[in-house]
Structures are given as structure tokens and as C-alpha cells.
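A quick write-up on the structure given underneath.
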Amino acid sequence: MYYSNGLARFAAACFVLGIGGTAYAGFDEEVEKALNLEDGKYGKVNFDARYRYEYVDQERVLSTGRATAIDHPANASTLRIRLGYLTPEWQGFKAFAEYEGNQDIGTNDYNSTRNGKTAYPLVVDPQANELNQLWLNYAGLPDSSIKVGRQRIAFDNHRFIGDVGWRQMQQTFDAATITNKSLPDTTITAGYIWKVQDITSRSIGMNSPIFNIAYTGLPFGKVTVHGEWLDYDNTNELRNLGIADSFSRSTKTVGVRFDGSTPIVENVKALYTAEYAHQSDYKNNPINYHADYWLGEAGVDVYGVVLKGAFEELGADNGAAFQTPLATLHAFQGWADKFLTTPRNGLRDMYGTAKTAAFGVEWTVQYHEFSSANGGVDFGHEIDAQVEKKFGKHYSVLLKYADYVADPNRSATNTYSDTQKIWLQGSVSF
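For the sequence shown, the positions run -25 to -1, 1 to 405 when mature numbering (1 follows the signal peptide of the UniProt record, and there is no 0) is used.
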């Protein structure tokens, strides 16, 4: 079986993590103490290790519209390590540096985008070593902090700016950010990004102001206003990714989001989210367009069982679609990652989610129906499922599955293909 070796490694990881999370809880406390150097007097060390096996079986769509299997399924067995150091605070200053590396462990029959194995489906976890974060923070101003350097930036649900934490290599930003909390119940963050280090460890230049203002003073929800002015450099790094004109990625986006919950009766509450954003061309983008983003989500939490139904649409105009290139895209439009780039005629996703915790395990199931925002194209459907078990504060194991079924009536505007993915994962984090 293609993934037998991965299953064996995953079983071993479960065994080790199970022991670490139960029988050796005292050991965890000793590790915590050791990493928090002299109770923080000399700073703090962080350590993170994550093993993952990923299996991908995908069809190839031919020019005739007929689908056939890609030459081989992908089998990726990788280990990601992070090691960082946070200095103690001095005169309002502190600094942080973090190494990140990803390595093939055993089977490496997959297309990482950098290894040349194009006969296999994509698994975007290339072997790489990088300086993941290196920043200086100053908190000496009232209710404010300023951070300069390579840093993690993630706003709200990561829909517009995120760290792509699902992939082995994190997305980080060379940026300057300032956060202020002087107004009641309000957090204001403004920043300027000049480089993105993406999940393939490539650096992509840009000149991009951003802001995010969050207000939590309402009893029934949180309101956020955000803006992103993404001005991409026309660099070789993007051309190497197959993007001939990176200026076409330059956009300006402004949006508002409302997210909250309200108790109905004891142990039952209503859940709701509404969001709108408008995007248009920016700076040297050669395409003149205006597109809208809409999200509506409603659900209930009944004794810890969460049920939600939602509608998300990324619009299109003049041959260009609403894009969110800095988002944690895996979290949206299905875990099979078929729509990391929005189709030219836009994308509409009608989906439902069920989630609960039982027997010490978190269970999640999702179902998606995809179509175009314009033109009535059916893009197919997808079902996703995940189970995750945490052992104490530091250990977890995860099993995850995605099954995307394309619409059989493929055309020039619908070249998506059936795809099945399985993930087996174990992680340790201190």
C-alpha cells in the first residue's frame, strides 16, 4: 500500500506522544522550566517539532477535457523543526530569533515545487532551512508596541493576512508594525510590509501598507475593519512560480467583519459571522477591475456540538477575480486546496460544518458545493473530515481527509480534477 510506511511512522509518533502527554507529565514540567531560562531572567527558548505524512491521489485533466490519473500518487514524509530564543525585556526592548527547517524523512515521492518531481501531485512542503523570524520589539510607549523585522502577522481568521500555519514552512513578513490599545475595547494595528517569506522559503518583494482595527466592546460580537494595499515587485521569484507579471497581483482591499455569539438558553448559543470587502487594481496592475467579497455564516452551539451553514463568494470583474495571496488559504474553500487561486470568473462556496469534542478527541466534518460567481459554472463538491487528539499542553496527533469531486462537464473554464488527500501528523511544541 502506498501509505503503509507513513502509517507505521504515524503509529510510532502516536505512541511517543501518548507517553509524553501522560506518563511523563513531570518531564514536561522539567522541560518547561529548562526552556524558561532562570524563570525568564535570561530569556526563553521555544522548540517545535512536527512530523507529517501526506498522501495525494489526483486526476490529470487532458486538453480534450477527459480526466486520467496523474502518473503516480504523491507520498510525502516530512519533519519540521523550529527553534527560537526570546530575550528578556530591557528598557522596553526585547528581541526574538527563530530557525525553521523542513526535511524529508523516508519517502519523498511528491512535487514540492522545488524538487523537479513534476510527475507527482503537489505537496508544498519543500526541504528548506531558513531564518523564520528575527525581530525587535519596543513596548516603552503607553498602550503601544512597535515591532520591526521578520515577523508573524495574522489578522482575524487569516482570510486576508495569515501565517499559513498548516504547511510545514510558515509564512512570515519583513515588516514594521505598531499596535495600540489606548482606546477602550479597541486594538489598532498598522504596518508596512516590504518582503514576504512564503511557504516555499522564497522571498517576494513588495511595498504594502496594512491596517486592522478591532472593537470588542459590544456584548454580542466583535467588529473589525481592515485594509491591505499590496504593491508587488516584479521579481524573478514570482516568475519562477509561473507568474509572468507579478504586477497583476497588486491590489487594494478594504473590508469590514462582524463575528459573534449570543446565548439562547443554558448550554445553547447562536453563532453568526458577516463580512464584506471590496478589492480593485493597485499601482502597476495592468487590469482595471473591481470585485467584492461576501461571507455569511450562521450556526448553533448545543452542548458543545457546533453546527454551521455558510455562504462565501469571491467576485470577479473584467477577467480578474478577488484574490487573497497573503491568506492562510488552506483554511478556506476545502482542504483539498483546489482553489488557492480564485478562478477568473470568481468562486462561490456553499458549505456546512459540524464540530464537537468527544472521548477526548476533536471531530470536524465539512461539506462544500463550489460554483463560479459569474457564468454559472459548476466546480464540483468536496467533503472533509478531521480528528485530533491532544495530550496535555505540548503534544497532539491528527488524522485528516479531503475528497474533492470535480464536475464531469469540464471545459476551458473548468479544468479541476478529482483529488483525494490523507494526512497523518504528530507534533510536539514547547
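For every residue, glycine included, the Cβ atom is placed at its ideal position computed from N, Cα and C.
Ala329: member of the beta strand (DSSP E) spanning Leu322 to Ala333, first to last residue. Nearest in C-alpha terms to Val231, of all of Gln254, Ser223 and Pro238, is Gln254.
Taking a cut-off of 8 Å for Cβ pairs, the segment 159 to 175 and the segment 315 to 332 do not touch, as fewer than three such pairs fall below it. Around the beta carbon of Thr237, fewer than 16 other beta carbons sit within 10 angstroms, so the residue counts as exposed. Going by DSSP, Phe366 is part of the beta strand (DSSP E) stretching over Asp353 to Phe366. When Cβ pairs closer than 8 Å are counted between the two stretches, the segment 188 to 198 is seen not to touch the segment 284 to 296, the count staying below three. Of the other Cβ atoms in all chains shown, 16 or more fall within 10 Å of the Cβ of Asp276; this residue is therefore buried. Put simply, the backbone Cα of Lys365 is about 21 Å away from that of Val139.
Within the same chain, and ignoring the five residues on either side of Asp79 in sequence, the residues whose Cβ sits closer than 7 Å to its Cβ are Ser52, Thr53 and Gln102. Counting C-beta pairs with one atom in each stretch, the segment 93 to 101 and the segment 127 to 147 have three or more that are closer than 8 Å, which means they touch.
Within a 10 Å sphere around the beta-carbon of Glu241 sit fewer than 16 other beta-carbons, which makes this residue exposed. Under the three-pair Cβ rule at 8 Å, the segment 151 to 164 does not count as touching the segment 56 to 71. Per DSSP, the unbroken beta strand (DSSP E) holding Trp110 starts and ends at Ala103 to Tyr113. Under the three-state reduction of DSSP, His305 is assigned to helix. For the pair of segments examined, the segment 307 to 322 was found to touch the segment 347 to 364: the number of CB pairs separated by less than 8 Å reaches three. Remark: C-beta atoms of Asn260 and Phe307 do not approach each other more closely than 8 Å. In this structure, DSSP gives Glu4 a helical state, which the three-state scheme calls helix. In the three-state DSSP reduction, Arg142 falls in the coil class, being neither helix nor strand.
Note on the segment 176 to 234: whole alpha helix (DSSP H) runs with a minimum of 4 residues are 211 to 215, in chain order. Comparing alpha-carbon positions, the option among Tyr113, Val281, Thr62 and Asp173 lying closest to Thr339 turns out to be Val281. Segment contact: the segment 298 to 307 against the segment 362 to 377, fewer than three CB-CB distances shorter than 8 Å; contact not assigned. Per DSSP, Gln298 is not a residue of any beta strand (DSSP E), being assigned neither H nor E. Across the set Lys19, Asp208 and Ser87, the C-alpha of Ser87 shows the shortest separation from the C-alpha of Thr175.
Cβ neighbours of Asp208 within its own chain (closer than 8 Å, five residues either side excluded): Ile179, Gly180, Met181, Asn182 and Ser221. Comparing C-alpha distances from Leu109 to each of Lys92, Asp131, Phe148 and Gly137 shows the shortest one belongs to Phe148.
Of the residues Thr62, Phe297 and Ile239, the one whose Cα lies closest to the Cα of Ala266 is Phe297.
Per the DSSP secondary-structure output, Gln66 pairs with nothing in a beta bridge.
For Asp393 and His47, the gap between their C-alpha atoms comes out near 14 Å. For Asn155, the beta-bridge partners assigned by DSSP are Ser119 and Ile163. Under the three-state reduction of DSSP, Ala9 is assigned to helix. Classified as exposed, Asp14 has fewer than 16 neighbouring CB atoms from the shown chains inside 10 Å of its CB. Rounded to the nearest angstrom, the Cβ distance from Lys396 to Gly327 is 20 Å, too far for a contact under 8 Å. Excluding residues up to 5 positions away in sequence, Tyr190 lie with their Cβ nearer than 6 Å to the Cβ of Thr161 in the same chain. Counted as a single uninterrupted DSSP element, the beta strand (DSSP E) harbouring Ser346 occupies residues Val336 to Ser346. Separation of Gln361 and Lys258 (C-alpha to C-alpha, rounded to the nearest whole angstrom) is 41 Å.
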